[in-house]
Amino acid sequence: MDTKKVIKYTAITLLLAWAIQIAVAVIGNNIGGTAGTMLFRGGLAVCMFTPLIAAIISKADLKGMGWKPKFKGNLKWIVFALLVPVTLTILGFVLFFAIWPELFSLDGSYLLKTVEEMGMDPAEYKAALEQTGMSMSGLTLISIIPCVTYAPFMNMFLAIGEEAGWRGFLYPELNKKFGKVTTWLIGGVAWAVFHFPAMLLAGYEYGTDYIGAPVLGLVVFTLFCISMGVIHGIIYDKTKCIWFPALLHGSVNAGVTLYQMVLNGERIDDINRHLIFGPAYNGLVSMIPVVILAVVMAVIVLKDRKKRRLVN
Numbered sequence: 000m001d002t003k004k005v006i007k008y009t010a011i012t013l014l015l016a017w018a019i020q021i022a023v024a025v026i027g028n029n030i031g032g033t034a035g036t037m038l039f040r041g042g043l044a045v046c047m048f049t050p051l052i053a054a055i056i057s058k059a060d061l062k063g064m065g066w067k068p069k070f071k072g073n074l075k076w077i078v079f080a081l082l083v084p085v086t087l088t089i090l091g092f093v094l095f096f097a098i099w100p101e102l103f104s105l106d107g108s109y110l111l112k113t114v115e116e117m118g119m120d121p122a123e124y125k126a127a128l129e130q131t132g133m134s135m136s137g138l139t140l141i142s143i144i145p146c147v148t149y150a151p152f153m154n155m156f157l158a159i160g161e162e163a164g165w166r167g168f169l170y171p172e173l174n175k176k177f178g179k180v181t182t183w184l185i186g187g188v189a190w191a192v193f194h195f196p197a198m199l200l201a202g203y204e205y206g207t208d209y210i211g212a213p214v215l216g217l218v219v220f221t222l223f224c225i226s227m228g229v230i231h232g233i234i235y236d237k238t239k240c241i242w243f244p245a246l247l248h249g250s251v252n253a254g255v256t257l258y259q260m261v262l263n264g265e266r267i268d269d270i271n272r273h274l275i276f277g278p279a280y281n282g283l284v285s286m287i288p289v290v291i292l293a294v295v296m297a298v299i300v301l302k303d304r305k306k307r308r309l310v311n
């Protein structure tokens, strides 16, 4: 492992990402409404390219990351990337609402609250939707379609900025010195820390009023990043093509707001307190399927590596 290069990469990535997040969080909070939200989201989109920029500055081997699409023998990973995230999301919903059923609703009331917070008229939003012949519950069901079709491919071109840095450079570089488990742990922590300013200053992921805020959110999100890092890293190792983990990343991001459509907007205070537990895929309860999948995939990979060592 080139220690100096890894330190340089990590420092540049965090410096650039944190500076952007702090700026858009502070300015976005001051502006408020739709404009503030759009500014913040735009800043986060720009942040996704800071790992790639840092890798370039650190003179990482970009050519060796596998930029040429490799479909032969890898089609199953495309199916995996498209279907597994939304499946994990739904399973997370089931677990969360099994514990807090009173927070569940398909009437779109929470989504309308979100629309109102962005400075839009929820009545006009609902009326415009009804003019198309679509109910709020119908909108929830139909929203799953983009998550498993075109949205992951669109998001992939943003996600490649992160994946080229994390999976394309950092994970393989760490693996030169450390074993797989240690690489997954260090890489996952770095990936989580990358998001911390947005979480602390703008309530990214869990808001600001959840139980245990703000420390518990940082811990839970770190566990989530470690787990997702395992899955992304294994897919990259299997395919040797950076576009596959980018597609998975894009698929995860495609379903990031689905939880807003299944919450009871009349229980907004309770919801805000419990967002740390779910129902979004990175809640302490709703991420259980993600953690289980990561552990199962990790065990399979480690056992396979052990067998190959014994054979050789």
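For the sequence shown, numbering that gives the first Met the number 0 assigns the number 0 to the initial residue and increments by one for each residue that follows. Just so you know, even glycine gets a beta-carbon here, dropped at the ideal spot from N, CA and C. Being a predicted model, the structure only gives us computed values, none of them experimental.
The continuous alpha helix (DSSP H) containing Val192 extends over residues Lys179 to Val192. Under DSSP, Phe103 shares a beta bridge with Leu262. For Asn29, the enclosing alpha helix (DSSP H) covers residues Thr2 to Ile30. Around the beta carbon of Asn252, 16 or more other beta carbons lie within 10 angstroms, which makes this residue buried. Residue Trp165 holds the alpha-carbon nearest to the alpha-carbon of Ile185 among Trp165, Pro196, Ile210 and Lys112. Per DSSP, the continuous alpha helix (DSSP H) segment holding Asn154 begins and ends at Ala150 to Gly164. Going by DSSP, Met64 is part of no alpha helix (DSSP H) at all; its letter is neither H nor E. With contacts defined by Cβ atoms closer than 8 Å, Phe168 and Gly249 do not form a contacting pair.
In the structure shown, Phe48 adopts coil according to DSSP, grouped into three states. In chain order, Phe39, Pro196, Ala197, Leu200 and Ala201 place their CB closer than 7 Å to the CB of Ala24, counting only its own chain and leaving out the 5 sequence neighbours on each side. Counting only the Cα atoms, Glu115 lies some 19 Å from Leu274.
A Cβ-Cβ separation of about 19 Å leaves Cys240 out of contact with Pro84 under the 8 Å criterion. Counting C-beta pairs closer than 8 Å gives fewer than three between the region 18 to 34 and the region 205 to 220, which falls short of the contact rule. Taking 8 Å as the upper bound for CB-CB distance, Tyr280 and Gly107 are not in contact here, some 20 Å apart. Put simply, the region 37 to 52 does not touch the region 225 to 244. Fewer than three CB pairs are less than 8 Å apart. Following the DSSP letters along the chain, one finds Asp236 inside the alpha helix (DSSP H) bounded by residues Val214 to Thr238.
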